[in-house]
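Scroll down for the structure; my scribbles are underneath it.
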Amino acid sequence: MLKNMDNSFDIYEIKARQVLDSRGNPTIEAEVLTAGRGYGHAIVPSGASTGTFEAVELRDLGKKYGGKGVLNAVGNVNEIIAPELIGEDSRNQRLIDNIMINLDGTENKANLGANAILAVSMAVARAAADTSSLPLYKYLGGCNSYIMPVPMMNVLNGGKHAGNALDFQEFMIMPIGADSFSDAVRMCAETYQSLKKVISEKYGKDAVNIGDEGGFAPPVKTIDEAFSVLLEGVKRAGYENEIVFTLDSAASEFYDEKTNSYVVLGESLSTDKLIEIYKDMVSKYPIVSIEDPLFEGDFEGFKEITKELKGIQIIGDDIFVTNTNRLKKGIEMNAANALLLKVNQIGTISESIDAANLASRNGYGVIVSHRSGETEDSIISDLTVALNSGQIKTGAPARGERTAKYNQLIRIEEELQISKYAGKNFKIPF
6 MLKNMDNSFD IYEIKARQVL DSRGNPTIEA EVLTAGRGYG HAIVPSGAST
56 GTFEAVELRD LGKKYGGKGV LNAVGNVNEI IAPELIGEDS RNQRLIDNIM
106 INLDGTENKA NLGANAILAV SMAVARAAAD TSSLPLYKYL GGCNSYIMPV
156 PMMNVLNGGK HAGNALDFQE FMIMPIGADS FSDAVRMCAE TYQSLKKVIS
206 EKYGKDAVNI GDEGGFAPPV KTIDEAFSVL LEGVKRAGYE NEIVFTLDSA
256 ASEFYDEKTN SYVVLGESLS TDKLIEIYKD MVSKYPIVSI EDPLFEGDFE
306 GFKEITKELK GIQIIGDDIF VTNTNRLKKG IEMNAANALL LKVNQIGTIS
356 ESIDAANLAS RNGYGVIVSH RSGETEDSII SDLTVALNSG QIKTGAPARG
406 ERTAKYNQLI RIEEELQISK YAGKNFKIPF
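Under this note's numbering, the first residue of the sequence shown carries the number 6, and numbering increases by one thereafter.
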């Protein structure tokens with residue numbers, strides 16, 4: 006039985022289906038229609054190196070799609086969530102998100118699935134924005150002025166994103182010398198093509214195959230070798246003084262819990278020894294930011310490396326998982342100084358915004374991020390601008406699910422006409 010619908014913003018219909026992500030695995034798409042014919046849709050991404058403390062992504066198990074199907078999550082949207090939300094005002098994002106959280110009844114959204122809840126949460130935001138005749142970034146942001154983010158583009162891969170001997174997962178370029186976002190994309194695309202030539206000449210044509218996020222995965226054996234290749238690519242593109250580097254170690258992936266040590270290039274290292282490696286890297290290369298340098302449970306280690314690497318952005322991803330409770334602990338301890346924000350780690354738009362606001366209020370940087378298993382959905386582009394976070398991490402300037410985010414930001418910048426670019430005179434935000 007339908008609830009009474011008093012205005013055009015009332016949710017009229019919700020439906021979900023199973024679709025595919027960029028790795029060919031199933032994921033969930035939701036559509037929301039309001040009484041005023043406002044329309045919103047959303048497709049949920051999926052991670053490869055996922056944090057232990059992330060909200061639960063519900064999978065079907067069984068034989069189909071190797072157990073990775075999401076038909077149970079789809080059913081939870083169509084049969085449990087939709088009946089509860091029909092007739093609710095789509096502008097009441099927090100209320101709607103809380104209804105779904107309460108329906109689930111667990112701390113990590115294990116019953117309905119964070120993927121089911123997030124699909125609806127994102128689609129509701131889009132439907133409300135459409136009913137309001139507003140772009141999503143303006144609907145979510147409500148600001149008078151906006152900052153276009155500086156991109157972190159993953160161009161060289163190791164770890165879980167590659168099959169080489171490199172333990173660190175992502176080597177990224179950051180165009181701080183650009184005059185605008187579209188200029189930043191151009192600089193990175195030119196550097197990406199330059200890097201492709203460098204790798205092809207050094208390792209052969211087979212070495213320019215790309216990973217999940219569009220980055221190259223050549224048979225690089227050492228950290229110095231990886232940075233040497235990057236430096237040559239940047240130099241050939243002509244951006245030596247305009248592009249800097251950022252690193253995502255994904256250290257939980259090479260942490261050995263039994264020995265409380267890190268296995269890097271076949272050597273077992275203590276936390277202190279690993280921090281010394283980072284200090285050496287920062288002294289030799291133009292690195293401004295390091296993500297997940299240590300194991301996801303090591304708050305003390307994060308505190309230490311943040312203190313040791315002054316002036317470097319230390320980003321917490323797996324340690325915080327976009328969760329305000331974990332972030333509060335980090336803030337209290339001065340562990341890290343920036344938050345990687347991934348909406349599917351926490352499962353709703355309102356909780357994601359809460360985490361971003363908590364970080365910003367306490368002087369932490371906020372980097373809105375994609376996942377390795379992405380989709381053509383570009384909602385994180387709008388969210389980045391809405392939050393004025395100033396930084397976005399969404400892969401190489403290659404593969405449609407990555408370029409979709411950059412192309413949306415180019416559209417937003419054009420629509421704004423006058424906007425600031427966060428990369429110009431870039432400073433770590435703390």
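Note that the Cβ used here is the ideal one computed from N, Cα and C, for glycine as well.
These figures come from a predicted structure and were not determined experimentally.
Between the alpha carbons of Lys240 and Lys429 lies a distance of about 20 Å. By the C-beta density criterion, Glu36 is buried, having at least 16 other C-beta atoms within 10 angstroms. When secondary structure is reduced to three states using DSSP, Tyr142 falls in the helix class. With respect to Leu63, Val75 sits close: the two C-beta atoms are nearer than 8 Å.
When beta bridges are read from the DSSP output, Ile104 appears opposite no residue. DSSP, reduced to helix, strand and coil, places Ser233 within a helical segment of the structure shown. CA-to-CA, the gap between Phe259 and Ile423 works out to about 44 Å.
In this structure, the beta-carbon distance from Ile372 to Leu392 does not fall below 8 Å.
The shortest CA-to-CA distance from Tyr17 to any of Asp26, Asn116 and Ala133 is the one to Ala133. Distance from the Cα of Asn265 is smallest, within the candidate group Leu279, Ser254 and Leu252, for Leu279.
Under the DSSP assignment, Asn159 falls in the beta strand (DSSP E) whose first and last residues are Val155 to Asn162.
Between Gly219 and Ala87, the C-beta gap is not smaller than 8 Å, which leaves the two residues out of contact. With fewer than 16 other CB atoms across the displayed protein chains lying within 10 angstroms of its CB, Thr227 is exposed.
For the options Ala222, Ser199, Asn159 and Val49, the alpha carbon positioned closest to that of Ala170 is the one of Ala222. Per the coordinates, the alpha-carbon of Thr311 lies some 35 Å from the alpha-carbon of Ala212. By the Cβ neighbour-count rule, Cys193 is buried, with 16 or more other Cβ atoms within 10 Å of its own. Note that the C-beta distance between Ser13 and Gly41 is below 8 Å.
Here Val269 has Asp172 as same chain residues with Cβ atoms under 6 Å from its own Cβ, once five neighbours each way along the sequence are excluded. Cβ-Cβ distances below 8 Å link Glu247 to Pro180, Ile181, Gly182, Ala183 and Met192 in the same chain, with the five nearest sequence neighbours on each side left out; the list follows chain order. Glu356 sits buried, since 16 or more C-beta atoms from the chains shown fall within 10 Å of its C-beta. Rounded to the nearest angstrom, the gap between the Cα atoms of Ala21 and Gly146 is 26 Å.
Look at Tyr260 here: in three-state DSSP terms it is strand. Taken in chain order, the unbroken stretches of beta strand (DSSP E) that lie wholly in the region 250 to 301 and span 3 residues or more are 266 to 269, 272 to 274 and 292 to 296. A buried status is given to Gly164, since no fewer than 16 other beta-carbon atoms sit within 10 Å of its beta-carbon. Taking 8 Å as the cut-off, the Cβ atoms of Tyr70 and Asn30 count as close. Under DSSP, Lys425 shares a beta bridge with Ile152.
Within the DSSP secondary-structure output, Ile19 pairs in a beta bridge with Val37. When the beta-carbon positions are compared, Ala47 and Asp382 come within less than 8 Å of each other. Only residues of its own chain outside the window of five on either side were considered, and among them Gly238, Val239, Arg241 and Ala242 have a CB closer than 8 Å to the CB of Ser199, listed in chain order. One alpha carbon belongs to Met127, the other to Thr353, and they sit about 7 Å apart. Per the coordinates, the alpha-carbon of Thr55 lies some 33 Å from the alpha-carbon of Cys148. In the structure shown, Gly80 adopts helical secondary structure according to DSSP, grouped into three states. For Ile91, the secondary structure class from DSSP, reduced to helix, strand or coil, is coil.
Comparing alpha-carbon positions, the option among Val234, Thr196 and Glu195 lying closest to Ile204 turns out to be Val234.
Its Cα nearest to that of Glu313, the residue Lys284 stands out among Val249, Asp65 and Lys284.
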